[in-house]
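A.B. asks:
Residue numbers (my numbering): 53 to 310.
#1: Give me whichever residues DSSP pairs with residue 334 in a beta bridge.
#2: So which of 297, 267, 296 has the shortest CA-CA distance to residue 70?
#3: Just tell me which of 180, 167, 252, 198 has its CA closest to the CA of residue 215.
#4: Can you confirm whether the segment 71 to 84 touches the segment 268 to 275 when touching is taken to mean that 3 or more C-beta pairs between the two stretches lie within less than 8 Å?
#5: Out of 206, 253, 104, 133, which one is the CA nearest neighbour of residue 141?
#6: What residue from 180, 115, 145, 200 has the CA that sits closest to residue 160's CA?
#7: I'd like to know whether the C-beta atoms of residue 73 and residue 271 end up nearer to each other than 7 Å.
#8: Quick check on residue 56: does DSSP put it in helix, strand or coil?
#9: What do you get for residue 191, buried or exposed, if any count of 16 or more other CB atoms within 10 angstroms of its CB means buried?
#10: With distance defined between alpha-carbon atoms, name the residue in 98, 199, 94, 255 nearest to residue 150.
#11: By the 10 Å Cβ neighbour count, where 16 or more other Cβ atoms means buried, how is residue 217 classified, buried or exposed?
#12: Candidates 170, 89, 107, 119: which alpha carbon is nearest residue 229's?
#13: Considering only residues of the same chain and omitting the five flanking positions on each side of residue 172, which have a CB-CB separation below 6 Å?
#14: Do residue 95 and residue 61 have their C-beta atoms within less than 7 Å of each other?
#15: So, at 6 Å on beta carbons, what are the nonlocal neighbours of residue 308 in its own chain, with the 5 sequence-adjacent residues on each side left out?
#16: Quick one: using the 10 Å Cβ neighbour count with 16 as the cut-off for buried, is residue 255 buried or exposed?
#17: So which of 154, 210, 176 has the shortest CA-CA distance to residue 289?
#18: Using DSSP bridges, identify the partner residues of residue 135.
#19: Which residue marks the beginning of the alpha helix (DSSP H) containing residue 210, and which one marks its end?
#20: Excluding the 5 residues preceding and the 5 following residue 176 in the sequence, name in chain order all residues of the same chain whose CB lies nearer than 7 Å to its CB.
#21: Could you tell me which residues DSSP puts in a beta bridge with residue 234?
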């Protein structure tokens with residue numbers, strides 16, 4: 053497939069998980085890709101696996117770092133056509149007991165990181181005058197509460213709504229912004245949860261597909277939203293969860309309190 057021939061994309065959180073899968077799928081369809089991440093070792097592995105992929109160290113909570121990542125994308129490939137805001141993680145704890153620094157860490161990474169990625173990518177697209185597409189990877193937890201993860205769920209809900217505001221503001225510049233809300237995905241972020249047998253079983257019992265998604269199964273919908281096939285799709289949210297949202301969420305209290 054070559055629907056992204058000549059296309060230039062920046063992927064934050066690109067060293068592993070969903071971000072790495074997006075980068076791989078983009079490269080496979082002809083795109084020039086810049087992977088941005090704070091994980092230097094992960095970026096090195098990605099570059100070793102594909103010498104044509106570009107990498108840049110980037111803390112998405114640092115405005116100057118994100119601006120530099122966008123500038124490096126334009127410097128290297130002459131333009132930026134799409135940006136994928138994937139970087140995210142969480143520090144867990146109940147509302148009454150979580151350290152305030154842990155709450156701030158999660159909200160800054162998930163929400164501020166999304167804001168800065170969209171801000172600087174959109175500025176570059178607007179300046180070039182050719183439009184573009186932004187895909188924000190939110191979470192099913194934007195809709196479904198998460199015991200012990202209120203900071204993550206709140207930030208993901210905010211990032212989903214932010215996508216709609218961004219779509220409204222950037223549409224006059226030909227820039228589309230959409231959100232993808234993954235359910236359970238087998239990534240380094242979810243590995244600690246899936247490693248607890250009872251919790252893993254509880255997850256799978258609630259997912260009609262009876263399994264976690266592979267990161268590539270999230271990458272596909274993300275690429276669709278960045279492609280010309282989605283040229284009239286803007287400000288929407290696509291839940292990709294194997295049917296989980298139509299059931300209910302497992303009880304994580306034993307994991308956090310046991």
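Using N, Cα and C, we set each Cβ at its ideal position, and we do this for glycine too.
C.D. replies: According to the data block:
#1: Residue 334 lies beyond the stretch modelled for the chain, which goes from 53 to 310, so this question has no answer here.
#2: Counted from its first residue, the chain shown places residue 70 at position 18. Comparing Cα positions, the closest option is 267.
#3: As a first step, residue 215 must be located in the chain shown, where it is residue number 163. Measuring from the Cα of residue 215, the nearest candidate turns out to be 167.
#4: yes
#5: By 1-based counting over the chain shown, the position of residue 141 is 89. Of 206, 253, 104, 133, the residue nearest in Cα terms is 206.
#6: In the chain shown, the residue the question calls residue 160 occupies position 108. Here the closest residue by C-alpha is 115.
#7: In the chain shown, counting from the first residue as 1, residue 73 sits at position 21. In the chain shown, counting from the first residue as 1, residue 271 sits at position 219. In contact: residue 73 and residue 271 (Cβ atoms closer than 7 Å).
#8: On the chain shown, position 4 is the one that residue 56 refers to. Residue 56: coil per DSSP, three-state reduction.
#9: Translated into the one-based positions of the chain shown, residue 191 becomes position 139. Buried is the call here.
#10: Position 98 of the chain shown, counting from 1, holds the residue named residue 150. Closest option to residue 150, Cα to Cα, is 199.
#11: Mapped onto the chain shown, residue 217 falls at position 165. With fewer than 16 Cβ atoms within 10 Å of its Cβ, residue 217 is classed as exposed.
#12: Taking the chain shown and counting its residues from 1, one reaches residue 229 at position 177. Taking each of 170, 89, 107, 119 in turn and checking the Cα distance to residue 229, the smallest one comes out for 170.
#13: The count along the chain shown starts at 1 and reaches residue 172 at position 120. Taken in chain order, the residues that qualify are 118, 119, 122.
#14: The residue labelled residue 95 in the question sits at position 43 within the chain shown. The residue labelled residue 61 in the question sits at position 9 within the chain shown. Cβ distance not < 7 Å, so residue 95 and residue 61 don't count as in contact.
#15: Position 256 of the chain shown, counted from the first residue, corresponds to residue 308. Counting only Cβ-Cβ distances below 6 Å, and skipping sequence neighbours, we find 200.
#16: To locate residue 255, count along the chain shown from 1; it is residue 203. With 16 or more other Cβ atoms inside 10 Å of its own Cβ, residue 255 counts as buried.
#17: Taking the first residue of the chain shown as 1, we reach residue 289 at position 237. Nearest of 154, 210, 176 to residue 289, Cα basis: 210.
#18: Stepping through the chain shown from its first residue, residue 135 is reached at position 83. Paired residues: 62, 186.
#19: Here residue 210 corresponds to residue number 158 of the chain shown, with the count starting at 1. Per DSSP, residue 210 belongs to the alpha helix (DSSP H) from 202 to 222.
#20: As a first step, residue 176 is located in the chain shown; it is residue number 124 there, counting from the start. Closer than 7 Å at Cβ, skipping near neighbours: 122, 126, 132.
#21: Taking the chain shown and counting its residues from 1, one reaches residue 234 at position 182. Looking at the DSSP assignment, residue 234 forms a beta bridge with 292.
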